[in-house]
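Single-structure report; data block below.
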Amino acid sequence: MAVLYSLPLLAQITGTIKVAVTDNNLNPLEGATVFAESPDFISKRSAVTKADGTATLVALDPASNYTVTVTKTGFNGAKNKNVEVNSGSVTSLHVSLALQNVEEELVVISEAPVVDVTKALTSQNITLELTESLPTGRSYQSYLQLVPGVMPDDFSSTGGGNPASRSGLGYRDIGGEVGDSRDNFYYIEGINVTDPVQGTFGANLNTEIIQEQKVITGGVPAEYIGAPGLISNVITKSGGNEFTGSVNYYHQDDSLVGDNDNREDESFSTFDTAFTIGGPIIRDKMWFFASYRILEREDDVVAEDTAEFLRTVTREDEQFFGKMTWQMTNADKLTLSIFTDPTERDGSTDRSVTNARNRAREQGGDRYILNYQRVFANSVLEASYSMHNGEVSDFSSDRETSNTVIFLGGNDPVAGTDINVDNTLFDQQLGAFGEDIIDERDNQTISLNWEFFVDSGFGHHTIKVGAAMDKHTNYRDRFYIGNADYTSIDQRNVIALQGAGLSLNAGAVSELSWTDTDFDVYNPSDFNGLINTIDGHADRDSFYSLLDTDGDGTITQDEAAAAIVFNSTEGNPNGMINYDRTFQSQDGAQETESEGLSLYIQDTWDVGDFHFNIGIRAERWEHFATTGENIYTFDWDLAPRLSAAWDINGEGRQKLTAYYGRYYDPIRNNMTNFAGSLSGRVREEQVFINDQWVTYRTRGGPQVQDAFFAPTTKTPYTDEITLGYAVDFGRNMSLEVNLIKRNVRDILEDYDLSLYALDTEGGTAYPGPVDDPDSLFLGLDYFGYDENPGSNFVIATLAGGKRDYEGAEIVFRKRFSNGWQVLSSLNYNDMEGNTNSDSNADFQGDVIYLDPRSPNQYGRQPGLIENLFKLAASYEWNNGLQVGGSYRWNSGVYTSRTRLASRRHLPVLADEETTYAGITRRWLAEGAVGAVENPSFSTLDLRVQYRRDFGLITGEFFLDIFNSLDDQDAILVQDLVAGQGSSAFGDPKLYQAPRRFFLGMRALF
8 MAVLYSLPLL AQITGTIKVA VTDNNLNPLE GATVFAESPD FISKRSAVTK
58 ADGTATLVAL DPASNYTVTV TKTGFNGAKN KNVEVNSGSV TSLHVSLALQ
108 NVEEELVVIS EAPVVDVTKA LTSQNITLEL TESLPTGRSY QSYLQLVPGV
158 MPDDFSSTGG GNPASRSGLG YRDIGGEVGD SRDNFYYIEG INVTDPVQGT
208 FGANLNTEII QEQKVITGGV PAEYIGAPGL ISNVITKSGG NEFTGSVNYY
258 HQDDSLVGDN DNREDESFST FDTAFTIGGP IIRDKMWFFA SYRILEREDD
308 VVAEDTAEFL RTVTREDEQF FGKMTWQMTN ADKLTLSIFT DPTERDGSTD
358 RSVTNARNRA REQGGDRYIL NYQRVFANSV LEASYSMHNG EVSDFSSDRE
408 TSNTVIFLGG NDPVAGTDIN VDNTLFDQQL GAFGEDIIDE RDNQTISLNW
458 EFFVDSGFGH HTIKVGAAMD KHTNYRDRFY IGNADYTSID QRNVIALQGA
508 GLSLNAGAVS ELSWTDTDFD VYNPSDFNGL INTIDGHADR DSFYSLLDTD
558 GDGTITQDEA AAAIVFNSTE GNPNGMINYD RTFQSQDGAQ ETESEGLSLY
608 IQDTWDVGDF HFNIGIRAER WEHFATTGEN IYTFDWDLAP RLSAAWDING
658 EGRQKLTAYY GRYYDPIRNN MTNFAGSLSG RVREEQVFIN DQWVTYRTRG
708 GPQVQDAFFA PTTKTPYTDE ITLGYAVDFG RNMSLEVNLI KRNVRDILED
758 YDLSLYALDT EGGTAYPGPV DDPDSLFLGL DYFGYDENPG SNFVIATLAG
808 GKRDYEGAEI VFRKRFSNGW QVLSSLNYND MEGNTNSDSN ADFQGDVIYL
858 DPRSPNQYGR QPGLIENLFK LAASYEWNNG LQVGGSYRWN SGVYTSRTRL
908 ASRRHLPVLA DEETTYAGIT RRWLAEGAVG AVENPSFSTL DLRVQYRRDF
958 GLITGEFFLD IFNSLDDQDA ILVQDLVAGQ GSSAFGDPKL YQAPRRFFLG
1008 MRALF
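Just add 7 to wherever you are in the sequence shown, counting from 1, and you've got our numbering.
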């Protein structure tokens, strides 16, 4: 999967050691030589102290075993061992040299730095000592759950790995997805591997290659892109002067899993093996590191509503990594990295997908990164080139046309009659997945970063500047089996309605609660599109005879709602009642592009005990259609980032910090595809009327552009203010407290101009007085138009859309030393808003009652989890035995009371009509948004590990116990008032997995 948004983190895959050298009387020593090296990395650094006794060693790869040696003529030398360097951080050392009486070198086993008093950055470094002592999912995505404030992703229907954090959304209307965020950025070796279409992680890798994973959650300086959620950067191993490697094997099957109290037929097994090898090609000059991993997993999937066994799904992953590091001179280093992750899965593991809708997937790709680094006397220059090929393709398992059947559900009795119709997912999902999708996502990135150091009479400056150019290409070739995708109605609904004296017409579909809907006669975009087609139809008179019931020459929405009756099964692939379908009238591949240019400059200014970071970054993105034409160029977005850190006692152990920054969230390429599909595939959205299928919207092709970017469209942004305090207690222990406030604004949405402004004829579908004090009408000038451009929709900034976040965080960490370590955190979150839109085309610009300014829309943000507690710890004895554990608790996720429309979980409407802004209608039900509080839950995972040396080989054996307390309570309940299948509103639909054991062994040489 592909790379976009690509100002790389190259300047941040390395760290810095700052050494202050004094004599025994604490007088600064000028002219001392400072030298640092690690057996894990080929680069070595040296510097000479200045008049103030300080020396700075830059561009050091992250490791926990640096040796820092200080020498000066006339003094005994000093050597600090096990000095830890983290990416993007400054490690501060104080070294005192004694006058030379006897030839003696002072050797100190250094404490790991736990507080960087020079920065306001909020982050955690996930180290090898931490991940290799705790039970984890053996992926860099699963390591995110160790980070304070990161939400659980147990709810995810896509396998997880994209958790929300802070103001990042953990909920989507589409599919009612909970636990998956599209507001994070994922980097490997400083190159962005975030999927540019979906906004999720875009690459997998063998965890055996990870040297360090840095996760940033706030206080982001200008050199980073910034995100509403988190930023994860994985840094890989490089080899060494000695040949080393490992072979491992991990296993889990049914015999290692406890009884499933809720879904007894659900089980799985895994096979995971990998090897690594690294060493010198030329000692002290050229190193290599490589790995290969094979994973196989089988899952028995059961239905979400009936718990009936569905299928066994097999997934196979291959992950290769190769890295060569060439230290050309003492100052020049060249690094080439290659990694691939082809994956094949023969079915879906989603419990809400029946076998009829099963589909196979092929994904993964190849990535190449070439990086050059030059260290000058007072600066560091880095340049890189990266190339990525990715694929996310789905193929229907059965070769039949898809047919989604809808049912009445969640309705109150009508005239004393229950009109709801019992059904299951098997009743709703007829036909097959019905579509083959080839989706390839390629990217190229060129970047340049320069860091230089300046001493002035006003302090020390570390200045960084950077630039990157990116080009992303998305190739898609999709087609429907049978050229159509149906939404139909079961005959049992007609019988239920007749029992209450009602008819199955367009009004009943729009106003009653169903398991899903598509065409909505009261949706202005749907209705106006239908009327435009009818007016140009060769059989126009017959349509008006049917629908213009008062004969005045105009078809109103109320007339159509009553006159459009669904009663025909003609040509339906499963004999159901025809209602809606999407017909593919033209095949053809489509390829869109986006190009970005990103720049930043920042100055870290050290003045005594105060450290200021002053920066600004600029980003501009251009989007190109399938025809190659430019469809929109965003204005330059300027994001200021300002922070101050006060080293309270000047000892490098306590700090107070303040931060303000703006993070822009570039528009993903799903919107490029929305506005730029001007050739290739064409789809007709149709409703069955007058014994024929009638198109109410055309998508794709030159006939009617699906969407334009409105000239006034802005890039969404997040403003953050953070106040922080941190203290180093010594003995590798620290405490950190942060207070965070964030506001998300200029949120993106698509609009129906005929509803919010004027249609192509100069009329409007706005249902109320435009001059009302509370009017929701926007007018053409809001979008930057003089006239309607004639597209189905326009992509624009959502008027009044906002999300407001406040949070507090307490973190205690004890770095690994003396055989033990701890990372614990407590978080409080509060988030309110009036939109779930997140760089996607949703419904808030299509229907008036979902307008963010409309009644009852602002409230608790779906996806919010108010309270989180995490504790991870391990202890190791001298005999090689180690125990570790991770405990996580959360107060439960909030969702809304919803109904399903076009696959979207939308808040339910009130039972009665009320008047707002001069419009009388059913608005959202009061308290529907964020109304469902799901159960709180916790999990305790344990690891027991034994390590023993066998001469040239060291063996490791471990046992992981996930959910050791075997708590299988519900963690998510049904939010659809109509239910889904046989799952009613409020019924549990997701449970914690039962206790399971995981066996592993590893040989290191």
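All C-beta atoms in this analysis are idealised placements derived from N, C-alpha and C, irrespective of residue type, glycine included.
Span separating the alpha-carbon of residue i from that of residue j
i    : j     : result
F486 : Q597  : 12 Å
A569 : S130  : 59 Å
F328 : E940  : 43 Å
S103 : V28   : 6 Å
G707 : T634  : 12 Å
I216 : R368  : 26 Å
T522 : M583  : 15 Å
S386 : G1007 : 45 Å
N362 : D312  : 14 Å
L317 : Y666  : 52 Å
Y12  : R290  : Because Y12 carries a pLDDT of 34, less than 50, the predicted location of this residue cannot be relied on, and no value is offered for it.
D492 : L833  : 48 Å
V777 : G177  : 35 Å
G489 : G840  : 42 Å
D642 : M476  : 16 Å
Host beta strand (DSSP E) of residue i (start-end)
i    : result
I426 : Note, I426: premise wrong, no beta strand (DSSP E); not H, not E.
E323 : 316–334
Y865 : That residue, Y865, is in no beta strand (DSSP E); it is neither H nor E in DSSP.
Cutoff 6 Å; reference residue i; Cβ partners in own chain excluding five residues on either side
i    : result
G423 : none
T961 : L1011
I696 : I571
V114 : K86
R364 : Q436, F440
F992 : Q981, V984, G986
A43  : I24, R52, L64, Y73, V75
V41  : V26, A54, A62, V77
G354 : R318, V320, N365
Exposed unless 16 or more other CB atoms sit within 10 angstroms - verdict on residue i
i    : result
Y812 : buried
S53  : exposed
D47  : buried
Q710 : exposed
V55  : exposed
P718 : exposed
E219 : buried
I232 : buried
V154 : buried
V461 : exposed
Y671 : buried
A384 : exposed
K88  : exposed
Continuous alpha helix (DSSP H) stretch holding residue i: start and end
i    : result
V516 : 513–518
S463 : Element bounds for S463: not the alpha helix (DSSP H) but the beta strand (DSSP E), 442–463.
R499 : 498–506
Sequence-distant residues of the same chain with beta carbon closer than 8 Å to residue i, five excluded per side
i    : result
H544 : F550, V701
Exercise for review: Give a yes or no on contact between the segment 685–699 and the segment 641–660, applying the rule of three or more CB pairs nearer than 8 Å.
Suggested key: no
Check your understanding: Three or more beta-carbon pairs under 8 Å between the segment 527–539 and the segment 618–625, yes or no?
Key -> no
Check your understanding: Are the segment 626–637 and the segment 741–755 in contact at 8 Å, needing three or more beta carbon pairs?
Key -> no
Review point. Is the segment 787–801 in contact with the segment 818–828, if contact means three or more CB pairs nearer than 8 Å?
Key: no
Review point. Is the segment 378–390 touching the segment 412–429 in the sense that three or more CB pairs, one from each, lie closer than 8 Å?
Key: no
Review point. Touch check for the segment 140–154 and the segment 888–898: three-plus C-beta pairs under 8 Å?
Key: yes
Review point. Between the segment 400–414 and the segment 439–451, are three or more C-beta pairs nearer than 8 Å?
Key: yes
Exercise for review: Tell me, please, whether the segment 927–942 touches the segment 905–916 by the rule of three or more beta-carbon pairs shorter than 8 Å.
Suggested key: yes
Point to revise | Given 8 Å, three or more beta-carbon pairs between the segment 463–480 and the segment 496–504 | key: no
Exercise for review: Check whether the segment 917–928 touches the segment 963–980, taking contact to mean three or more Cβ pairs, one atom from each stretch, closer than 8 Å.
Suggested key: no
Exercise for review: Evaluate contact between the segment 237–246 and the segment 329–337, counting only Cβ atoms and requiring at least three cross-stretch pairs below 8 Å.
Suggested key: yes
Review point. When the Cβ atoms of the segment 573–590 are set against those of the segment 453–468, are three or more pairs found closer than 8 Å?
Key: no
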